[in-house]
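**Q** Under this note's numbering, residue 172 is the last one in the sequence shown; the count climbs by one each step, no gaps. Dropping a structure here in structure tokens format, bear with me for questions.
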Amino acid sequence: MAHHQGGAPQGREERDPLRPHRHDPNPHPPSPDPTFQLTCPGQAAQPISLAALRALPAVSVPDCLIVSTGHGTSGPFTFTGPRLLDLIQAHCPGDWSQVEVISGDGFGTRVLAGELTDPNVTRPIILAYAVDGRPLSREQGLVRLIVPSETDDALRQVKWVAQVNVR
Ligand SMILES: Nc1nc2c(c(=O)[nH]1)N[C@H]1C(S)=C(S)[C@@H](COP(=O)(O)O)O[C@H]1N2
Ligand SMILES: [Mo]
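Structure, rendered in structure tokens:
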């Protein structure tokens with residue numbers, strides 16, 4: 006089987022970004038602008054800028070690892086940004102049960118409401134704009150979903166978040 010690089014669709018086949026994807030990390034940002042689209046249930050998509058993320062309470066999560074299958078582990082890193090839960094609660098009225106977080110290069114993961122609202126969560130899922138006290142560069146994934154509980158893979162550490170779809 007051919008060895009593919011990156012998260013872009015392979016050949017003519019349209020990949021579903023929420024389906025299992027390959028472990029090869031794409032190093033190339035799909036676009037320069039970190040603004041992403043937030044879609045709340047029953048509403049039109051709204052752009053979320055870095056300034057809008059910075060307006061939310063910032064949380065820092067230490068000892069995060071990026072565990073790349075076949076490419077070694079990097080970190081530990083301290084990532085900083087708002088909780089995904091706080092973004093949703095600030096912008097989405099009404100009920101929801103899951104969130105799709107999808108990058109501009111066709112990568113993504115689904116987050117269940119329980120993962121965000123469980124009161125026992127000490128290492129929350131965040132939308133990171135800083136790492137180790139410095140702004141995250143676009144090359145490093147700005148804005149990047151960080152799922153601290155994922156320690157065997159980096160398939161949920163979605164770089165270049167482009168869409169957050171609240172369902
Ligand atoms: N948008 C996007 N996010 C992604 C990937 C990708 O290809 N595209 N690869 C994943 C994989 S398989 C790994 S191992 C890590 C690599 O993160 P790094 O580039 O910061 O080392 O990013 C994850 N997040
Ligand atoms: Mo990976």
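Beta carbons: idealized from backbone N, C-alpha and C, even for Gly.
Between A7 and the rest of its own chain, which residues show a CB-CB distance below 6 Å, the 5 nearest in sequence each way excluded?
**A** In the sequence shown, counting from the first residue as 1, residue 7 sits at position 2. Its pLDDT being 39, under 50, A7 is placed unreliably by the model, and nothing is read from it.
**Q** Cutting at 7 Å between CB atoms, please list the residues of its own chain near A63, excluding the five before and the five after it.
**A** Counted from its first residue, the sequence shown places residue 63 at position 58. Excluding positions up to five away in sequence, the list reads T85, G86 and P87.
**Q** Between the alpha carbons of R143 and G75, how many angstroms are there, rounded?
**A** Working through the sequence shown from its first residue, we reach residue 143 at position 138. Working through the sequence shown from its first residue, we reach residue 75 at position 70. Approximately 23 Å, taken between the alpha carbons.
**Q** For D110 and W165, what's the separation of their Cα atoms in angstroms?
**A** On the sequence shown, residue 110 is found 105 positions in, with the first residue counted as 1. On the sequence shown, residue 165 is found 160 positions in, with the first residue counted as 1. Their Cα atoms are separated by approximately 8 Å.
**Q** Just list the residues that DSSP pairs E155 with in beta bridges.
**A** Taking the first residue of the sequence shown as position 1, residue 155 is located at position 150. DSSP, once it has assigned bridges, lists no residue as partnering E155.
**Q** DSSP has Q103 in a bridge; who is on the other side?
**A** Position 98 of the sequence shown, counted from the first residue, corresponds to residue 103. Q103 pairs with L117.
**Q** Give the straight-line distance between the Cα atoms of D137 and T114, rounded to the nearest whole angstrom.
**A** As a first step, residue 137 must be located in the sequence shown, where it is residue number 132. As a first step, residue 114 must be located in the sequence shown, where it is residue number 109. Cα to Cα, D137 sits roughly 24 Å from T114.
**Q** Considering only their Cβ atoms, is the gap separating W101 from I93 smaller than 9 Å?
**A** Reading the sequence shown from its first residue, position 88 is the one you call residue 93. Reading the sequence shown from its first residue, position 96 is the one you call residue 101. Yes; because the gap between Cβ atoms is below 9 Å, this pair is in contact.
**Q** Can you tell me whether DSSP reads P14 as helix, strand or coil?
**A** Counted from its first residue, the sequence shown places residue 14 at position 9. Per-residue confidence for P14 stands at a pLDDT of 45, beneath the threshold of 50, marking its modelled position as unreliable; the derived number appears in the next sentence. It is coil, neither helix nor strand.
**Q** Taking C-beta to C-beta, are L23 and V169 nearer than 9 Å?
**A** Here residue 23 is taken as the residue at index 18 of the sequence shown, counted from 1. Here residue 169 is taken as the residue at index 164 of the sequence shown, counted from 1. No. Outside cutoff.
**Q** Can you give me the C-alpha to C-alpha distance between D157 and I71, rounded to a whole angstrom?
**A** In the sequence shown, the residue the question calls residue 157 occupies position 152. In the sequence shown, the residue the question calls residue 71 occupies position 66. When rounded, the distance between both Cα atoms is 9 Å.
**Q** On the premise that L121 lies in contact with L89, defined as a C-beta separation below 8 Å, what is that separation, rounded to the nearest angstrom?
**A** Translated into the one-based positions of the sequence shown, residue 89 becomes position 84. Translated into the one-based positions of the sequence shown, residue 121 becomes position 116. About 6 Å separates the two Cβ atoms, so the contact holds.
**Q** Tell me whether L141 is buried or exposed, calling it buried when 16 or more other Cβ atoms sit within 10 Å of its Cβ.
**A** Along the sequence shown, read from residue 1 onward, the residue named residue 141 stands at position 136. When all chains shown are included, L141 counts as buried.
**Q** Assign R59 to one of three DSSP states: helix, strand, or coil.
**A** Locating residue 59 in the sequence shown gives position 54, counting from the first residue. R59 falls in the helix class under three-state DSSP.
**Q** Considering only residues of the same chain and omitting the five flanking positions on each side of R128, which have a CB-CB separation below 7 Å?
**A** Stepping through the sequence shown from its first residue, residue 128 is reached at position 123. Closer than 7 Å at Cβ, skipping near neighbours: V66, P153 and S154.
**Q** Which residue's Cα is closest to the Cα of L117: V104, P124, A167 and V126?
**A** Taking the sequence shown and counting its residues from 1, the one referred to as residue 117 is at position 112. It is V104 whose Cα lies nearest to the Cα of L117.
**Q** What I want to know is whether the C-beta of L70 ends up closer than 8 Å to one or more non-hydrogen atoms of ligand 3.
**A** As presented, the structure is devoid of ligand 3, carrying ligand 1 and ligand 2 as its sole ligands.
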